[in-house]
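If you read the protein sequences in the order shown, they are chains P and C.
The opening position of the first sequence corresponds to residue 1 in our numbering, with each subsequent residue numbered one higher.
The opening position of the second sequence corresponds to residue 222 in our numbering, with each subsequent residue numbered one higher.
Protein chains: 2
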Amino acid sequence: MATGALKLYSYWRSSAAYRVRIALNLKGLPYEIVPVHLLNDGGEQHSAEYRELNPQELVPTLRDGHRIVRQSMAIIEYLEETWPDPPLMPDTARDRVRVRTLSQIIACEIHPLNNLRVLQFLERTWNVPQAERETWIRHWMQEGFRALEATLADSPATGTFCEGDFPTMADCLLVPQVYNAVRFGLDLSEFPTVAKINEECLTLEAFQNARPENQPDAPPS
Amino acid sequence: MATGALKLYSYWRSSAAYRVRIALNLKGLPYEIVPVHLLNDGGEQHSAEYRELNPQELVPTLRDGHRIVRQSMAIIEYLEETWPDPPLMPDTARDRVRVRTLSQIIACEIHPLNNLRVLQFLERTWNVPQAERETWIRHWMQEGFRALEATLADSPATGTFCEGDFPTMADCLLVPQVYNAVRFGLDLSEFPTVAKINEECLTLEAFQNARPENQPDAPPS
Chain P
1 MATGALKLYS
11 YWRSSAAYRV
21 RIALNLKGLP
31 YEIVPVHLLN
41 DGGEQHSAEY
51 RELNPQELVP
61 TLRDGHRIVR
71 QSMAIIEYLE
81 ETWPDPPLMP
91 DTARDRVRVR
101 TLSQIIACEI
111 HPLNNLRVLQ
121 FLERTWNVPQ
131 AERETWIRHW
141 MQEGFRALEA
151 TLADSPATGT
161 FCEGDFPTMA
171 DCLLVPQVYN
181 AVRFGLDLSE
191 FPTVAKINEE
201 CLTLEAFQNA
211 RPENQPDAPP
221 S
Chain C
222 MATGALKLYS
232 YWRSSAAYRV
242 RIALNLKGLP
252 YEIVPVHLLN
262 DGGEQHSAEY
272 RELNPQELVP
282 TLRDGHRIVR
292 QSMAIIEYLE
302 ETWPDPPLMP
312 DTARDRVRVR
322 TLSQIIACEI
332 HPLNNLRVLQ
342 FLERTWNVPQ
352 AERETWIRHW
362 MQEGFRALEA
372 TLADSPATGT
382 FCEGDFPTMA
392 DCLLVPQVYN
402 AVRFGLDLSE
412 FPTVAKINEE
422 CLTLEAFQNA
432 RPENQPDAPP
442 S
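Encoded structure:
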């Protein structure tokens, strides 16, 4: 069980932090946001203080009392095991593997290619111009969304949400990835099932409250 | 429980397939290897037949009777839930989250940047020369291995293996990643804990039998 208050080291626009905010909200767990600005001062995630918490110099990091938890999917599984109710995972191994597969299509195949450090490498080390960087981003998103759509559209297991009729870890990953896709101008009309699930999720307060623009560290609009 | 024979769609040198081979061997589960050649005929993973099994057009895919399971970490968690003995995950949420974090440092932050499809994009779409592609590979490996080493070296939880004294999912990911690192000439002396765990793992038959060069589809040496 919890050993103290929950603190989430987060950046308003980080889609990995967004995943964990959704999960915490769905669980109804109170938590404090500790903003880590990924751009100011060369990136606060690279400070010695933050590196102590997270040697990958990435957000999010969850602090549960004295315990430090890293990597967004690992954090969500930790929340699930520590506070099982309401569940973010289905009951059977068959359904759980589907939720993990959908989550990993996003976390292992789409997001890692498009996160800030990779875009900074392309810009700073290789001088890849912005238009080409955006081609890169859209290419990997398109590949990943096609696989996601094929997996969701073909399956009787897909319900109102990615898996059945309550939100699971997969939805915690899908919504932030759609946010990123929209931000980079990906045409979602090719992915109707993904778009529909995203809309459904965003009718829920847990998802709304986790949105980047609703974070304490979001710049005034 | 199993609904039939296990078949693993695998490529000898795919590090994601290597992870699952280790897990299957550690569990003592018999399985048939179905080779998918990632380079011949423009890549057999892109065939219509394989895409039916895996819309991401990636290996590995596990077939358990009529059930199709994808994404290497999801497959390993599925094996763990379906055949719990011997375990590949520790007992407590605290220790399990550490195993998942270590696994995800590799599966979400190192491997996705260096897999075949990304290197092919750099070569074919951007004409990035081989020396630069190798700089790219080593850069992301170095970043990832530093985080891995920091996480492992600093922790009393690290034992003979990544977590304690029996091999877990994290070791199933570490050994194939070290194989890739050596292949691309990364200097491991900076990462002594990683190197030591890798050596320890490779004393076990389950890891030896999963090695790329011991696969039925490996070319004659």
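Built from N, CA and C at the ideal position, the CB exists for glycine as well.
Of the listed residues the options, nearest to residue i (C-alpha basis)
i                      : options                    : result
residue 339 of chain C : C:355, C:325, C:326, C:373 : C:355
residue 149 of chain P : P:46, P:101, P:216         : P:101
residue 186 of chain P : P:219, P:220, P:144, P:172 : P:144
residue 431 of chain C : C:268, C:226, C:244        : C:244
residue 289 of chain C : C:297, C:275, C:378, C:259 : C:275
residue 318 of chain C : P:72, P:103, P:110, P:208  : P:72
residue 168 of chain P : P:138, P:206, P:112        : P:206
residue 181 of chain P : P:164, P:50, P:129, P:106  : P:106
residue 409 of chain C : C:359, C:384, C:259        : C:359
residue 238 of chain C : C:419, C:273, C:296        : C:296
residue 363 of chain C : C:386, C:351, C:398, C:277 : C:398
residue 277 of chain C : P:116, P:37, P:110, P:220  : P:110
residue 112 of chain P : C:361, C:349, C:320, C:351 : C:361
residue 37 of chain P  : P:221, P:19, P:116, P:66   : P:116
residue 291 of chain C : P:66, P:151, P:208         : P:151
is_contact[residue i, chain D] using C-beta, thresh 9 Å
i                      : result
residue 368 of chain C : Judged by its chain identifiers, the structure shown contains no chain D, and its protein chains are P and C.
Contact test: residue i Cβ vs the ligand GDP heavy atom, cutoff 8 Å
i                     : result
residue 53 of chain P : Although the ligand GDP was asked about, the structure shown includes no ligands whatsoever.
Residue i versus residue j - alpha carbon distance
i                      : j                      : result
residue 424 of chain C : residue 417 of chain C : 11 Å
residue 179 of chain P : residue 15 of chain P  : 8 Å
residue 300 of chain C : residue 421 of chain C : 23 Å
residue 249 of chain C : residue 154 of chain P : 33 Å
residue 217 of chain P : residue 12 of chain P  : 6 Å
residue 391 of chain C : residue 380 of chain C : 12 Å
residue 345 of chain C : residue 378 of chain C : 44 Å
residue 255 of chain C : residue 342 of chain C : 26 Å
residue 260 of chain C : residue 266 of chain C : 9 Å
residue 212 of chain P : residue 61 of chain P  : 17 Å
residue 2 of chain P   : residue 242 of chain C : Any reading at residue 2 of chain P must be qualified, since the residue scores a pLDDT of 47, below 50, and its modelled position is unreliable; no value is offered.
residue 146 of chain P : residue 198 of chain P : 15 Å
residue 214 of chain P : residue 32 of chain P  : 14 Å
residue 131 of chain P : residue 441 of chain C : 45 Å
residue 285 of chain C : residue 273 of chain C : 16 Å
residue 264 of chain C : residue 271 of chain C : 10 Å
residue 385 of chain C : residue 41 of chain P  : 39 Å
residue 208 of chain P : residue 429 of chain C : 49 Å
residue 357 of chain C : residue 19 of chain P  : 28 Å
residue 287 of chain C : residue 298 of chain C : 18 Å
residue 108 of chain P : residue 329 of chain C : 5 Å
C-beta contact flag for residue i and residue j at 9 Å
i                      : j                      : result
residue 174 of chain P : residue 194 of chain P : yes
residue 412 of chain C : residue 335 of chain C : no
residue 280 of chain C : residue 231 of chain C : yes
residue 251 of chain C : residue 226 of chain C : yes
residue 309 of chain C : residue 247 of chain C : yes
residue 126 of chain P : residue 320 of chain C : no
residue 307 of chain C : residue 382 of chain C : no
8 Å Cβ cut-off: residues of chain P touching residue i
i                      : result
residue 255 of chain C : Near residue 255 of chain C there are no residues of chain P at all, since even the closest Cβ is about 19 Å away, more than 8 Å.
residue 298 of chain C : 96, 97, 100
residue 290 of chain C : 97, 101
residue 294 of chain C : 100, 104, 108
residue 314 of chain C : 78, 81, 82
Contact set between residue i and chain C, taken where Cβ atoms lie within less than 8 Å
i                      : result
residue 23 of chain P  : Simply none; closest approach about 13 Å.
residue 177 of chain P : Chain C residues near residue 177 of chain P: none, gap ~13 Å exceeds 8 Å.
residue 150 of chain P : 276
Contact set between residue i and chain C, taken where Cβ atoms lie within less than 7 Å
i                      : result
residue 109 of chain P : 277, 333
Beta-carbon neighbours of residue i, restricted to chain C and to distances below 9 Å
i                      : result
residue 45 of chain P  : In chain order: nothing, as chain C lies at least about 12 Å away.
residue 59 of chain P  : Those do not exist, as residue 59 of chain P stays about 13 Å from chain C at its closest Cβ, beyond 9 Å.
residue 118 of chain P : 334, 361
Worksheet entry | Three-pair Cβ contact test at 8 Å for the segment 68-82 of chain P versus the segment 310-317 of chain C | Touching, yes, given that three or more Cβ pairs across the two stretches are closer than 8 Å.
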